[in-house]
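Residue numbers (the numbering used here), protein chains in the order written: chain A, 265 to 600; chain B, 265 to 600; chain C, 265 to 600; chain D, 265 to 600. Heads up, the beta-carbon is just placed ideally off N, CA and C, and yes, glycines get one too. No experiment lies behind these values; they were computed from the predicted model shown.
Protein chains: 4
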Amino acid sequence: MTINIGVIGTGAIGREHIRRCSTVLQNARVVALNDINRDNCQQIVDELTPEARIYDNAIDLINDPQVNAVLVTSWGPTHEAFVLACIEAGKAVFCEKPLAVTAQGCMNIVEAEIKAGRQLVQVGFMRPYDSGYRALKAVIDSGEIGEPLMLHCAHRNPEVGDSYTTDMAITDTLIHELDVLRWLLNDDYASVQVIFPRKTRKASSHLRDPQIVLLETTKGARIDVEIFVNCEYGYDIQCEVVGESGIARLPEPVSVQLRSAAKLSTTILTDWKKRFIDAYDVELQAFINNVISGEMTGPSAWDGYAAAVAADACVAAQTSGGIVPVTMPARPAFYR
Amino acid sequence: MTINIGVIGTGAIGREHIRRCSTVLQNARVVALNDINRDNCQQIVDELTPEARIYDNAIDLINDPQVNAVLVTSWGPTHEAFVLACIEAGKAVFCEKPLAVTAQGCMNIVEAEIKAGRQLVQVGFMRPYDSGYRALKAVIDSGEIGEPLMLHCAHRNPEVGDSYTTDMAITDTLIHELDVLRWLLNDDYASVQVIFPRKTRKASSHLRDPQIVLLETTKGARIDVEIFVNCEYGYDIQCEVVGESGIARLPEPVSVQLRSAAKLSTTILTDWKKRFIDAYDVELQAFINNVISGEMTGPSAWDGYAAAVAADACVAAQTSGGIVPVTMPARPAFYR
Amino acid sequence: MTINIGVIGTGAIGREHIRRCSTVLQNARVVALNDINRDNCQQIVDELTPEARIYDNAIDLINDPQVNAVLVTSWGPTHEAFVLACIEAGKAVFCEKPLAVTAQGCMNIVEAEIKAGRQLVQVGFMRPYDSGYRALKAVIDSGEIGEPLMLHCAHRNPEVGDSYTTDMAITDTLIHELDVLRWLLNDDYASVQVIFPRKTRKASSHLRDPQIVLLETTKGARIDVEIFVNCEYGYDIQCEVVGESGIARLPEPVSVQLRSAAKLSTTILTDWKKRFIDAYDVELQAFINNVISGEMTGPSAWDGYAAAVAADACVAAQTSGGIVPVTMPARPAFYR
Amino acid sequence: MTINIGVIGTGAIGREHIRRCSTVLQNARVVALNDINRDNCQQIVDELTPEARIYDNAIDLINDPQVNAVLVTSWGPTHEAFVLACIEAGKAVFCEKPLAVTAQGCMNIVEAEIKAGRQLVQVGFMRPYDSGYRALKAVIDSGEIGEPLMLHCAHRNPEVGDSYTTDMAITDTLIHELDVLRWLLNDDYASVQVIFPRKTRKASSHLRDPQIVLLETTKGARIDVEIFVNCEYGYDIQCEVVGESGIARLPEPVSVQLRSAAKLSTTILTDWKKRFIDAYDVELQAFINNVISGEMTGPSAWDGYAAAVAADACVAAQTSGGIVPVTMPARPAFYR
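Quick look at the structure:
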C-alpha cells in the first residue's frame, strides 16, 4: 500500500522530507504541494516529484480526497491553523516543530483531536527515533541502573548567527531536550530554573551564552542541561542518566579512531544536520507506517503541548532568575 | 520505477532479503520464488509476498520476462549454474557468497559476463556497504594516514558448531576479510601464510582454532588476520590500518556506555547477524538501484573470483605451513 | 638532610603517614609520637619506628627541640589548638583536614600565622597533588580551552555507613572539591545552592542522597557537583571543565581494558583509598621538601579557611533551599 | 639502613640513576663514581653527590669495601667485565641492558653467578616494573581471560636518527618486548620469523622500517610485534593478550580527555623517556630493597641471557627470511 502525501511548505525542511519520501522511504508518494512561493513547488516538481500537483491554497490541498496524509513544514506561525484543518478533514498530519507558537495553540489542537475522537497528529521531534536515545531508553527501562535520579545533559553548537536570541536557547535548542527527556523518563516537568554562567566572548553582545537549565520532574528526578551555542569545538549532544545503581550515557556518534600527530582521537561533528540524520528517516517512515496502520505512535499533540508549556516556563525563568513551576492539566486519558 | 525480483532459494538468507524488499527497501517487489522445497515458497507467499508466483524450476523463473532481476540465495553449489543462466538471459543477478564453489567456477562467470558485454553480477559481500568500513576507507583515501603499510585485523565468533572445520575458517569466515580488505586498500594479494597458535580448549577436537593468516599485497602491505571462532566473549570484528603517518581503526559498534558494578563498559555483540545489519539493507538497495540505473557497482564477479583465488591459497597454506603465492591473471579492462 | 617529624594522632591516617615517612619518602624520619591512646603509639614503635619516642602530651612533643616538623592527624576538634601551638613554637605543621572545625577556628590560625610572620601550615588536601588534576590544571592554564565557564563534577561513593549525615555530604565529601576547584580555577566562590534530587532507596532513612551543589565563582564560572554517596557502582570522581573553545576532562584512573563476557570494559575503583593513593605520597613529600627549603607551598591555612567558609555556606544552603552568598574578607597579601 | 652505591659510567643514564638515588629513592646513597671521563664524575659530585669519591679505575670502585652495591651504566661492551668483577667481589650489581653484547657473554655471567652460589645481578629491564604491565600480568595470572593464546604488540617511535640500523630494531627496540613478554607469559621463545612490510618513505635509505616479528613460545602462544620506528605520530607501546575467554590490553598512558576543534582526543606521548618514567624509579628502588633484603628479584642474569639468545635468533631471521628456532639450555634450577 502506498499513501499519497501532500506537503505544505517546500523550504529546506519540506524539501528534505520530500526527498526522503521519494528516495529513501517505503510506501509513500508525494502527490500534492503547496507553498506561499509557487516557484518553490515548481522546482520540487521539476527535480523530485514530476507527478505532484501544485495547490495555490493549503486548505484545498488538505481537503483534496486524493491526499491521504499531510506534512506541515511551513512557517511556524501557520502550523496551528493547518493542523486544525487536517483534523477537521480527518487526515493524519505530521507537523514540524513547533506544533503551535503558543502553549494555548497546542492546547487548541489537543482539544480538536480529542473532539475528533482519534489521534491524527505526529509532531516532528526526531530524537525519540535516534538509535542512541532508543538504546539509552532500553537500558533505563530494563531496570539495569535502577530508578533515574539525575540527568546531566548538554546541547552544544559550534556557533550561531547574530539573529539567535537568548530565548531561542529555549525555544529552538532546548526544545529537543524538553521533548526527548520526557519520553526517556516517562515523566513530566514540575519546575524549572535557569542559570547564566560567565558569558563566552564568542557570543553576540545581546546573547547570554552559555546557559544552564535545571529541571525537576514530577517523580523528583533532577536534570541539568548545559546549552552552549557558541562552544566552537563542535555540535555535541550529551545525555547521562544517573540511576540508583549505575549510570548510562548516550553513545557518541560513530567515528574512525585515529592515531595521528600525537593525538588519539575521534571526530566530533560540527554540522547539526548530520547528528540525527538517520533519525529523520526513521521518524518519517514511522509516520507513514502509522498512517497505514491507522494508529498514531510517536510524539503526539499532547507531547507538543507539554514541550510548549515547559518551554514557556523556561523562558519565564530566564527573566525571573527564580524557580518557576511547570503547570499543566493532567494528561487526558485519550493520550495514554 | 519498481523492479520485479525473482528469488531462487528461500531459506534463512533468502527470506531475509525478501523481507527487506517488502518492508525496508525502495523500488523493488518480489514477484517470483523458487526453492527445492516448494513449501518454503508457499510460506513466504502466505506471510510476506501474497502476489508472488512460485516456480518449480529456477531456470523458468530466470527466463520469465516479468522478472527484471534475480537474487540467488540457494545452496552454494548451485550458484554458478544459476548465475550463468541469468547472464545468458541478460538479467542482473545478486548472488550470495560464494559466487561459485571453485575459483574456476567464478572464472566461468567472469568469462560469460565479459562475453555478454556488460556487468550483470553483484556478489553478496556486504562489508563494503558497512558505514564503519566506508568511514575507514574515506580516511585512507584522504591520505590522512599516508600509504597503508600494515593491517591488523581480527574476526572473532563466540563459538561455532561441531560441523565447523579448519578450512571453513578460510572459506566461511576469512572470506569476508579477503573481499573487504582488497576493496579497502584497492590492492590485490601476492602471498599468504597461515600460523596455528596454541589451540583453545573450547574448540572441537578436530578444529584448529585460533588461526592467524598473514597476507602480503602486491603493493607490499602486510596484513595479519586473527581468526578465532570460539573466543567466547563476543562477535568482534577489528581492523586497524597502519599508515606512514598515522593509524585508523574501524569503529566499534554503537553502544550505551555504562558505569555499573565497578565497571565502565560498552556492550560487545554476540550475534553476528546484528554486526552488519544495516549493511545488508544498503547492499541490497544498491543492487536495486544498480538494476534501475543499468550500471553495476559493488562487488563484481571479478571480486568474487579474486576472493576465491585468495581463499584457495589460504587453504593450501593451512596444509603446507609455508608461504603460498596468490596467482591471478591481470584484472581484465572490463572490470576497471 | 633528614628532618625529624613528630606525629600527633596515630590512628589510621596517622599510621599511613608514618609508614610513608618510613618506607616511601625521602629525607624524613618519625622521631616522636603522641596519641590519646598510648598503646597505639607503642604499636607504631614496635612495627614501624623503633627509635621514635612516645610523648604523653602533644604540646611537649611540639615543643621538643629535637622535633623539626609536626603532623597533626588527631581527632578533628583538636586540630586548631595543636596547629596554634606549632605556630607558637615556630614549627612547620602538616594538618589533616579539617584545619579547624569552624571557619572562625581557621581564621584564628590564619591570624596567628600572619602574626608569626611566615607560613608554617600545610593543610592535608591531597587532590592538588594528584597527577590527573595537575594535568587538567596544566591544560586550563595553557589557555587551550579558553576561559573556564562551567564545571561539571561528581563525587560518588559506593556506600556510606549509617552514621553519615546529610551535612557530611558537604563537610566530609564536598570539602575536597571545595578545595581543589578553587585551586584549579584560581578563583573563589561567590554563592552556593543545594538541590535535592529524588532520593535513592539505598540511602539511610535520615540521609538525603544524592545532592547537587551549585557553586558560582567570583569570575562567574558555574560549577555543579553531584554528590552521591550510595551510588553502588564504585568510587568515582569526575571533573569536566567547559571553556570558551573546548572541554577538558579529568582522566579516569589507569586500568587494563578487557574484552570479556560481551563487555568491553575498564575497572572502576570501589575503595576511595586507592583513588588518590599516589597523591598522598606526593603531598607529604612536598611538605617535607617545604620544611627543608623553608618555603611553604600547597594548601595553606588561608585555603583551609576558604574551604571552611564555603562549606558553611553549603550547609546553610542545604537548610534554606535558596542561594547563599559566600562571604570572605579579601585574601591577605601574606598569602599571595 | 642506607646502602652505599658505586656507579660505573656517568653518562645520561648513569646520571639519571644517581639523581634518583639522591632525590627520589629511599635507603641508598651514591658514594663512589667512575667514568672513562673523570670530568663527568666531577660534575656529578658538584651538582648531586658532594660526598661521593671518584675512582680512576672501575675495578677499584667495585672492590672498595665501602661500596655495598654497584650500578653499571657504562658503554655496553664494558658491561660483561664489570659485572663479572662484581660477582667476583660478591657485590650486588644492577647492570643496564645489555647485560653483555653477546649471548655467550651473558652465559659467562650466568655461570659465574651460579658458581658464586647466590644471585647478585639485576638487569636493567624496566617494563616489568611498569604499573600498566603489572596490571596486565595480574589479569593474566588471575585466569580471568584463560590461557594466553596470542599477543598483538607494537613498539612505535616517532622517528630515529640516521645511525639507527635494521638490526637495531631488534637489539635496541624489540629487546624490551623480548624481556617483558617472557615475564608476562612466564614462558620462553621457541622460534622467530621476521616480515618486512612495504617500507615507509620516512625511513633512512638503509633502514627497513617497519618490521613485524613473529614469535612462538614453548607453550605455543603466538606473538606478533610491529616495530615501526618512524611512525611519525608518537611513541606508542601496545600489548594485547588474547586468551581463551577474553582479551586484556595494556592501558594507555594517563591523559586529559579533550573536546576541541572537532576532535575528542587524548594525548599520545612523543618522548620515549616519559612513557615508563615511573617504572625507572620502581625498578631501582626494587634493586636497593633487594640489596638490603639479600634476595634478588626482577630481571636476572638468566633473563638477560634469554633475551640475548632470542635477539640473536631475530637478527638471524631478518637475514634468512625464514623461521629460526630459539635454542637455549634448560633454565638452571638456580634461577627458579
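Per-residue DSSP class, three states only, for alanine 292 of chain B: Correct three-state label for alanine 292 of chain B: strand.
Simplified DSSP state of threonine 429 of chain B, which is helix, strand or coil: The three-state secondary structure of threonine 429 of chain B, taken from DSSP, is coil.
Whether valine 347 of chain B touches leucine 415 of chain B by CB criterion (8 Å): No, the Cβ-Cβ distance between valine 347 of chain B and leucine 415 of chain B is not below 8 Å.
Residue environment, valine 343 of chain B, which counts as buried when at least 16 other CB atoms sit within 10 Å: Here residue 343 of chain B turns out to be histidine, not valine, going by the sequence shown. By the beta-carbon neighbour count (other beta carbons within 10 angstroms, threshold 16), histidine 343 of chain B is buried.
Rounded straight-line distance, which links the Cα of leucine 335 of chain D to that of alanine 367 of chain D: Distance between alanine 367 of chain D and leucine 335 of chain D, taken at the CA atoms: about 21 Å.
With 16 other Cβ atoms within 10 Å as the buried cut-off, status of histidine 419 of chain D: Classification of histidine 419 of chain D: buried, given that the 10 Å Cβ count is 16 or more.
Sequence-distant residues of the same chain with beta carbon closer than 8 Å to glycine 586 of chain C, five excluded per side: Same-chain partners within the cutoff: Gln457.
Cα-Cα separation between proline 593 of chain D and aspartate 567 of chain D, rounded to whole angstroms: Distance between the alpha carbons of proline 593 of chain D and aspartate 567 of chain D: 13 Å.
For alanine 570 of chain C and aspartate 394 of chain C, believed in contact at Cβ under 8 Å, the rounded distance: That pair is no contact at about 19 Å.
Within 9 Å of chain B by C-beta, residues of the stretch 580–593 of chain D in sequence order: For the stretch 580–593 of chain D, which is checked against every Cβ of chain B, not one residue is closer than 9 Å.
Residues near alanine 353 of chain B by beta carbon distance below 6 Å, same chain, minus five either side: Excluding five sequence positions before and after alanine 353 of chain B, the CB atoms of its chain that fall closer than 6 Å to its own CB belong to Ile326 and Asn327, given in chain order.
Under 9 Å from the C-beta of tyrosine 497 of chain A: neighbouring residues of chain C: For a Cβ distance threshold of 9 Å, residue set Ile409, Ser509, Gly510 and Ile511 of chain C lies close to tyrosine 497 of chain A, ordered along the chain.
Where the alpha helix (DSSP H) containing alanine 316 of chain C begins and where it ends: Membership of alanine 316 of chain C in any alpha helix (DSSP H) is not indicated, and neither H nor E is assigned to it by DSSP.
Close-in-space but distant-in-sequence residues of the same chain around threonine 482 of chain B (CB under 8 Å, 5 per side omitted): Take threonine 482 of chain B, set aside five residues on each side of it, and the residues of its chain with a beta-carbon closer than 8 Å to its own are Asp451, Asp452, Tyr453 and Ala454, in chain order.
Close-in-space but distant-in-sequence residues of the same chain around aspartate 426 of chain D (CB under 7 Å, 5 per side omitted): Closer than 7 Å at Cβ, skipping near neighbours: Ser468.
Residue closest to cysteine 350 of chain B, alpha-carbon to alpha-carbon, out of B/Gly369, B/Ile373 and B/Gly340: Measuring from the Cα of cysteine 350 of chain B, the nearest candidate turns out to be B/Ile373.
With 16 other Cβ atoms within 10 Å as the buried cut-off, status of aspartate 488 of chain B: Burial state of aspartate 488 of chain B is buried, judged by a 10 Å Cβ sphere holding 16 or more other Cβ atoms.
Contact check, glutamine 290 of chain A vs glutamine 290 of chain B, beta carbons under 8 Å: The answer is yes: Cβ separation under 8 Å.
Amino acids of chain C, ordered along the chain, whose beta-carbon sits closer than 9 Å to that of serine 519 of chain D: Under the 9 Å cutoff, chain C gives Ala399 and Pro515.
Beta-carbon proximity check, alanine 292 of chain D vs isoleucine 511 of chain D, cutoff 8 Å: No, these two residues do not count as a Cβ contact at 8 Å.
Buried or exposed by the 16-neighbour rule on C-beta atoms within 10 Å, applied to lysine 537 of chain B: Taking every protein chain shown into account, the CB of lysine 537 of chain B has fewer than 16 other CB atoms within 10 angstroms, so this residue is exposed.
With 16 other Cβ atoms within 10 Å as the buried cut-off, status of methionine 265 of chain C: It is exposed - the Cβ of methionine 265 of chain C has fewer than 16 other Cβ atoms within 10 Å.
Cβ of serine 427 of chain C within 8 Å of any chain D Cβ: No, serine 427 of chain C does not count as interfacial toward chain D.
Cβ contact (3+ pairs, closer than 8 Å) linking the stretch 296–305 of chain C and the stretch 269–281 of chain C: Yes, the stretch 296–305 of chain C is in contact with the stretch 269–281 of chain C.
Rounded C-alpha distance that separates isoleucine 300 of chain B from serine 557 of chain A: Rounded to the nearest angstrom, the two C-alpha atoms are 35 Å apart.
Nearest residue (CA-CA) to methionine 432 of chain C, options C/Arg462, C/Ala580 and C/Ser529: Checking every option, the nearest Cα to that of methionine 432 of chain C belongs to C/Ala580.
9 Å Cβ cut-off: residues of chain C touching threonine 530 of chain B: Per Cβ cutoff of 9 Å: Lys527, Leu528 and Ser529.
Reduced DSSP secondary structure (H/G/I, E/B, other) of proline 422 of chain B: Proline 422 of chain B falls in the coil class under three-state DSSP.
Beta-carbon proximity of proline 517 of chain D to serine 519 of chain C, cut-off 8 Å: In this structure, serine 519 of chain C does not lie closer than 8 Å to proline 517 of chain D by Cβ.
Closer than 8 Å at the beta carbon, the chain B residues around threonine 534 of chain C: In chain order: Ala526.
6 Å CB neighbourhood of valine 309 of chain B in its chain, flanking five on each side removed: Correct list, in chain order: Ala316.
Interface flag, arginine 382 of chain B vs chain F, CB-CB below 8 Å: Among the protein chains in the structure shown, which are A, B, C and D, there is no chain F.
Candidates A/Tyr428, A/Glu280, A/Lys355 and A/Phe389, of which the one nearest proline 474 of chain A by Cα: The shortest C-alpha separation from proline 474 of chain A is found at A/Tyr428.
Nearest candidate by alpha-carbon position, reference alanine 380 of chain B, set B/Lys355, B/Cys359, B/Val331 and B/Tyr319: Comparing Cα-Cα distances from alanine 380 of chain B to each of B/Lys355, B/Cys359, B/Val331 and B/Tyr319, the minimum goes to B/Lys355.
Cα-Cα separation between isoleucine 501 of chain B and isoleucine 541 of chain B, rounded to whole angstroms: Whole-angstrom Cα-Cα distance: 14 Å.
Check whether valine 555 of chain D and asparagine 304 of chain D have beta carbons under 8 Å apart: Not a contact, by the Cβ cut-off of 8 Å.
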